[in-house]
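Step one of this worksheet: look at the structure below.
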């Protein structure tokens, strides 16, 4: 018989919020409740009868509470198979009562680690009894219902209320699935704590419990999902649901704009690359300068701001069709105007810690690397030519280098100290990237004699600096490191160009 009436319950939880309704309902339904420690005291405070685990086991809680429920009378009551004759003879022989429902909420290990607690405090928050109860009850889901975290308190209450204290096999199996999600996530967190900082990469364990099904993946015939807590990072104020491609673009937009977090900056991205980037004294001017970089590609793009969006900026922004707008906030009148297009996604970015590493599926496994968090300052620049860059050129070179770092390789960037003029992105040769950037700059009316050039990797031949010089560019930033570096340097010296190297390559694939 799949439907089973809950007649007894063991409750041992750390978090007691919203537990009172379940306890009272179980009491109304005539369920015998077993508990211990603080949970027992809590249940008694509700005026509900509870049997102490110590009375059932005839053994006290020992080792400062480290051992309370680890006893054959508890685990026998959970693990015995109700339809197994031998199991039933055993529990009758030893006076072991059936336990039909187990409610557990584990010690908050992850929260304790995040709080910066001492190692001894962290170790004490590794739950032993609770995790054992979860695995035992989930294993025996044919007979036992397991609630393994406070997230399942409400589903349990709704189930008990709707079915008068009975559960179906499908209900118990669902709770068991949730329970193994809890236990595996908990063990992953413990492993990662012990593995943190070790140089030896023994294994990779990732567990993310929050998930969101997307409309589809990169294309409509592909399924897609996001694993993580988007609500912790963004408040969505308007628009349709975020798509897979939206999220990928947003990720690149955040990476780019964070290079300019101390400026009044605006970036416009399309297919992961910046088609506009600018800084200015006010947000409206920064947006218009960014848009001028490539107003064609900006159509349907993602726009991200470092400062609040005011009405003057919103009035300009409203003229453009864009998929997503991201800002720290919106003035009330600006928000009202931007909401005029119902599908336009408006996000408020919140402060949240971002991962310091990246994981990507590849072949029959995954690859992991540290995020590229390096960014060069003036102190990191090495002048390799006879002519040194001017102060204005240095500012422009550093500005262009930041954009270059966050653009798909091979890439060439033309910019001044506050505006992206043009970029060549994702090309199979550096010369092709440069030619693409030159063509775009000319198409949108930029004079490259006012620009500097940035490259994400070294120049294998002097052809790139020669082409740039022919367009009026007189200052260049690049990592250096080619066996032919001197050829590019010689060309610069012969033509009065300034070149600096950083020693840091910024490939992005």
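In the numbering used here, the protein residues as written are 9 to 517.
By construction, the Cβ of each residue, glycine as well, lies at the ideal position given by its N, Cα and C atoms.
Do residue 468 and residue 490 have their beta-carbon atoms positioned less than 7 Å apart in this structure?
If you check the CB distance, residue 490 and residue 468 come in under 7 Å.
DSSP puts residue 366 in a beta bridge; with which residues?
In the DSSP output, where bridge partners are listed per residue, residue 366 has 377.
Should the segment 164-174 be regarded as contacting the segment 137-147, the criterion being three or more beta carbon pairs within less than 8 Å?
Proximity of the segment 164-174 to the segment 137-147 falls short of the contact definition, fewer than three beta-carbon pairs being nearer than 8 Å.
Residue interval of the alpha helix (DSSP H) (run including residue 519)
Given a span of 9 to 517 for the chain in the structure shown, any question on residue 519 remains unanswerable.
Run the CB neighbour count on residue 497, radius 10 Å, all protein chains shown included, and call it buried at 16 or more, exposed below.
It counts as buried.
Distance between residue 127 and residue 28 (C-alpha atoms, nearest Å):
Their Cα atoms are separated by approximately 33 Å.
Whose CA, out of 292, 375, 73, 107, lies closest to the CA of residue 81?
Closest option to residue 81, Cα to Cα, is 107.
Taking only the alpha-carbon atoms, compute the straight-line gap between residue 275 and residue 35 and give it to the nearest angstrom.
The C-alpha of residue 35 is placed about 59 Å away from the C-alpha of residue 275.
Assuming contact is defined by CB atoms lying nearer than 7 Å, are residue 407 and residue 429 in contact in what I supplied?
For residue 407 and residue 429, no; Cβs fall outside 7 Å.
Considering only residues of the same chain and omitting the five flanking positions on each side of residue 477, which have a CB-CB separation below 7 Å?
503, 505.
Could you check which residue in 441, 451, 130 has the C-alpha nearest to that of residue 121?
Minimum Cα distance to residue 121 is reached at 130.
Here's the rule: buried if 16 or more other CB atoms are within 10 angstroms of the residue's CB, otherwise exposed. What is residue 20?
Flag for residue 20 reads buried.
Pairing CB atoms from the segment 35-45 with CB atoms from the segment 93-104, are three or more of them under 8 Å?
The segment 35-45, when compared against the segment 93-104, does not touch it at the 8 Å Cβ threshold.
DSSP state of residue 20, grouped into three classes?
Taken through DSSP and simplified to helix, strand or coil, residue 20 comes out as strand.
Does the Cβ of residue 183 have 16 or more other Cβ atoms within 10 Å, making it buried, or fewer, making it exposed?
So residue 183 ends up on the buried side.
Name the two residues that bound the continuous alpha helix (DSSP H) containing residue 180.
Looking at the DSSP string, the run of the alpha helix (DSSP H) that includes residue 180 is 177-203.
Below 8 Å on the Cβ atoms is my guess for residue 242 versus residue 355; work out the distance and round it to an integer in Å.
Contact holds; Cβ gap of about 4 Å.
Identify which residue in 309, 310, 291, 259 has its Cα closest to the Cα of residue 321.
Looking only at 309, 310, 291, 259, the smallest Cα-Cα distance to residue 321 is reached by 291.
Measure the C-alpha to C-alpha separation of residue 501 and residue 286 and round it to an integer number of angstroms.
Rounded to whole angstroms, residue 501 to residue 286 spans 31 Å at the Cα level.
To the nearest angstrom, how far is it from the Cα of residue 252 to the Cα of residue 244?
Straight-line Cα distance between these residues: approximately 16 Å.
If you compare alpha carbons, which of 289, 514, 480 is closest to residue 487?
Taking only the C-alpha atoms, the option nearest residue 487 is 514.
Among 372, 463, 483, the one whose alpha carbon lies nearest that of residue 391
Closest by alpha carbon: 483.
May I have the straight-line CA-CA distance separating residue 307 from residue 266, to the nearest angstrom?
Spanning the two alpha carbons is a distance of roughly 23 Å.
So does the segment 316-330 actually touch the segment 205-213, counting three or more Cβ pairs closer than 8 Å?
With fewer than three CB-CB distances shorter than 8 Å, the segment 316-330 does not count as touching the segment 205-213.
Quick one: any contact between the segment 108-115 and the segment 149-156, if contact means 3 or more CB pairs under 8 Å?
By the Cβ criterion, the segment 108-115 is in contact with the segment 149-156, since at least three pairs of Cβ atoms, one from each stretch, lie closer than 8 Å.
My output table needs one value for residue 243: the three-state DSSP class, helix, strand or coil.
Secondary structure at residue 243: strand, using DSSP grouped into helix, strand and coil.
Take residue 222 and list the residues in its own chain whose beta-carbon comes closer than 7 Å to its own, dropping the five residues that flank it on each side.
Excluding its 5 nearest sequence neighbours in each direction, residue 222 has C-beta neighbours in its own chain below 7 Å: 232, 233, 234, 251, 252, listed in chain order.
Alpha carbon to alpha carbon, how far is residue 186 from residue 54?
Spanning the alpha carbons of residue 186 and residue 54 requires a straight line of approximately 28 Å.
If I measure Cβ to Cβ from residue 52 and keep anything under 7 Å in the same chain, skipping five residues before and after, which residues do I get?
Closer than 7 Å at Cβ, skipping near neighbours: 58.
Nearest-angstrom Cα separation, counted from residue 133 out to residue 93:
A direct Cα-to-Cα measurement between residue 93 and residue 133 gives close to 39 Å.
Alpha carbons only, please: which of 361, 377, 360, 362 is nearest the one belonging to residue 368?
When each option's Cα is compared against that of residue 368, the closest is 377.
Leaving out five residues before and five after residue 228 in sequence, what residues of the same chain have Cβ atoms less than 7 Å from its Cβ?
No residues qualify anywhere along the chain.
Find out if the Cβ-Cβ distance for the pair residue 278, residue 309 is shorter than 7 Å.
Contact flag set, yes.
Is residue 357 helix, strand or coil when you go by DSSP?
Residue 357 sits in a strand when the DSSP states are folded into three classes.
The segment 357-365 / the segment 338-346 touching (three or more Cβ pairs under 8 Å):
Under the Cβ criterion (8 Å, minimum of three pairs), the segment 357-365 does not count as touching the segment 338-346.
What beta strand (DSSP E) runs, 3 residues minimum, are completely inside the segment 51-133?
You should have 109-113.
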